[in-house]
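Visitor:
Numbering (the working numbering), first residue to last: 22 to 177.
In structure tokens, the structure reads:
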């Protein structure tokens with residue numbers, strides 16, 4: 022376990038705990054991959070950091086919803102995937118079967134009222150100024166981190 026911890030004199034309990042932490046790393050990596058690729062965490066071009074935070078929380082709720090609906094999902098597997106029981110389905114496989122689950126769930130919202138389109142921008146006029154965009158998950162550059170790089174003022 023030298024690649025995960027450099028503690029000298031580790032007890033067998035320490036080695037076991039390091040090994041378990043090392044194995045959990047793969048769960049985290051696959052969760053981030055799923056949230057980015059399947060749920061589209063980095064897809065939108067958001068205008069404010071607050072909007073990025075809201076989008077992140079929406080995706081956390083969506084991921085939690087997929088985990089909670091796991092017992093209701095049928096295993097809609099691809100030909101190369103092995104069959105599995107519903108308590109062992111991954112969030113991606115639950116998402117595949119979610120369209121069948123949603124039809125049986127109660128809807129807490131009322132039916133939407135039909136409306137016409139809003140006034141919007143007058144036809145033929147162009148947007149005069151572009152809005153600033155912020156990437157999801159970016160942190161603010163701090164002077165301490167710029168000094169550590171050795172090139173202050175330079176973009177990452």
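Think of the CB as a built atom: it goes at the ideal place given N, C-alpha and C, for glycine as much as any other residue.
Going by other Cβ atoms of all chains shown within 10 Å of its Cβ, with 16 needed for buried, is residue 46 buried or exposed?
Guide: To locate residue 46, count along the chain shown from 1; it is residue 25. With a threshold of 16 other beta carbon atoms within 10 Å, residue 46 falls short and is exposed.
Visitor: Decide if residue 62 is buried, meaning its Cβ has at least 16 other Cβ atoms within 10 Å, or exposed.
Guide: Mapped onto the chain shown, residue 62 falls at position 41. Answer is buried; the Cβ neighbour count reaches 16.
Visitor: What residue range does the alpha helix (DSSP H) around residue 114 cover?
Guide: As a first step, residue 114 must be located in the chain shown, where it is residue number 93. Taken as a continuous stretch (DSSP letters only), the alpha helix (DSSP H) holding residue 114 covers 112-117.
Visitor: In whole angstroms, what is the alpha-carbon distance linking residue 72 and residue 58?
Guide: The count along the chain shown starts at 1 and reaches residue 72 at position 51. The count along the chain shown starts at 1 and reaches residue 58 at position 37. Distance between the alpha carbons of residue 72 and residue 58: 19 Å.
Visitor: Using DSSP bridges, identify the partner residues of residue 67.
Guide: To locate residue 67, count along the chain shown from 1; it is residue 46. DSSP lists 155 as partners of residue 67.
Visitor: Would you check if the distance between the CB atom of residue 91 and the CB atom of residue 56 is smaller than 8 Å?
Guide: To locate residue 91, count along the chain shown from 1; it is residue 70. To locate residue 56, count along the chain shown from 1; it is residue 35. Result no, Cβ atoms of residue 91 and residue 56 do not sit closer than 8 Å.
Visitor: Is residue 177 buried or exposed, if buried means 16 or more other CB atoms sit within 10 Å of its CB?
Guide: As a working mapping, residue 177 is identified with position 156 in the chain shown. A caution first: residue 177 carries a pLDDT of 47, below 50, which makes its placement in the model too unreliable to give a value.
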